[in-house]
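Here the structure is laid out as C-alpha cells; the discussion comes afterwards.
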Amino acid sequence: MYSKIMLPVDLNEESSWSKALPTALTLCRTFGASLHVVTVLPDYRMPMVGSYFPKDFSKKAHTAITDALHDFIKTNVPDDIQVQSVIVDGSPWEAIIKAGKKLDVDLIVMASHNKRKFVDYVLGPNAEHVVHHAKMSVMIVR
Numbered sequence: 001m002y003s004k005i006m007l008p009v010d011l012n013e014e015s016s017w018s019k020a021l022p023t024a025l026t027l028c029r030t031f032g033a034s035l036h037v038v039t040v041l042p043d044y045r046m047p048m049v050g051s052y053f054p055k056d057f058s059k060k061a062h063t064a065i066t067d068a069l070h071d072f073i074k075t076n077v078p079d080d081i082q083v084q085s086v087i088v089d090g091s092p093w094e095a096i097i098k099a100g101k102k103l104d105v106d107l108i109v110m111a112s113h114n115k116r117k118f119v120d121y122v123l124g125p126n127a128e129h130v131v132h133h134a135k136m137s138v139m140i141v142r
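Here the UniProt record's numbering is used: the first residue of the sequence shown is 1, the next is one more, and so on.
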C-alpha cells in the first residue's frame, strides 16, 4: 500500500516526532516501505532576513542540521529500516509538501502540536496546513 513514507521532524522539539516515529516505523515494516526523515531549515537567505546574519551563516546552519539529522537517524531509526535524510529550506508546511512531491512519497506521518502558541492562532498549525494542501495521504498522530 505504501512504498515511501515521509516523517517531518523538528530536531529541537521532541513532540514533533516522539509519537509519530513509532507509527512510521511500524508502517515501514508492515509495507516494506522506505522512510524519508525531513527537517526544515528556515530560509536565512531572504534579503530582509539575511542581512542580519553573517554571509556564511546559512552554510554553517546547513552543515549543523545535516549532522544533527544524521545523529537523530542513527539514534532513533533501527537498522532494518531503509532511511533517507532530507533537509529542505523554507516555511515548514510548504517545505514539507514540496519535499513530499519531490520524493514522490505515498504517505506523510506527522505529529500534531497542540501547544496553542500565539503563532498557531495567527498562522495555523503546520500539520493543519499540510493536511489541507498535500496531494498525498497524511496521517496525523496525536
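Each residue gets a CB set at the ideal place from its N, CA and C atoms; glycine is no exception.
I87 is a Cβ neighbour of I65, given a cutoff of 7 Å. Of the candidates V38, I5 and L11, the residue whose Cα lies closest to the Cα of T23 is I5.
Here S16 is buried. Its C-beta has 16 or more other C-beta atoms within 10 Å.
Look at A111 here: in three-state DSSP terms it is strand. Bridge partners of I5 according to DSSP: L35 and L107. The three-state secondary structure of I140, taken from DSSP, is strand. A distance below 7 Å separates the beta carbons of L35 and I81.
If you check the CB distance, L69 and T39 come in under 7 Å.
Going by DSSP, I65 is part of the alpha helix (DSSP H) stretching over F57 to N76. Counting only the Cα atoms, F57 lies some 34 Å from V141. Within the same chain, A111, V141 and R142 come within 8 Å of K19 by CB-CB distance, once the 5 residues on both sides are set aside. The criterion of a C-beta distance shorter than 7 Å is satisfied by F72 and L11. Boundaries of the alpha helix (DSSP H) around N126: N126 to H133. The three-state secondary structure of S85, taken from DSSP, is strand.
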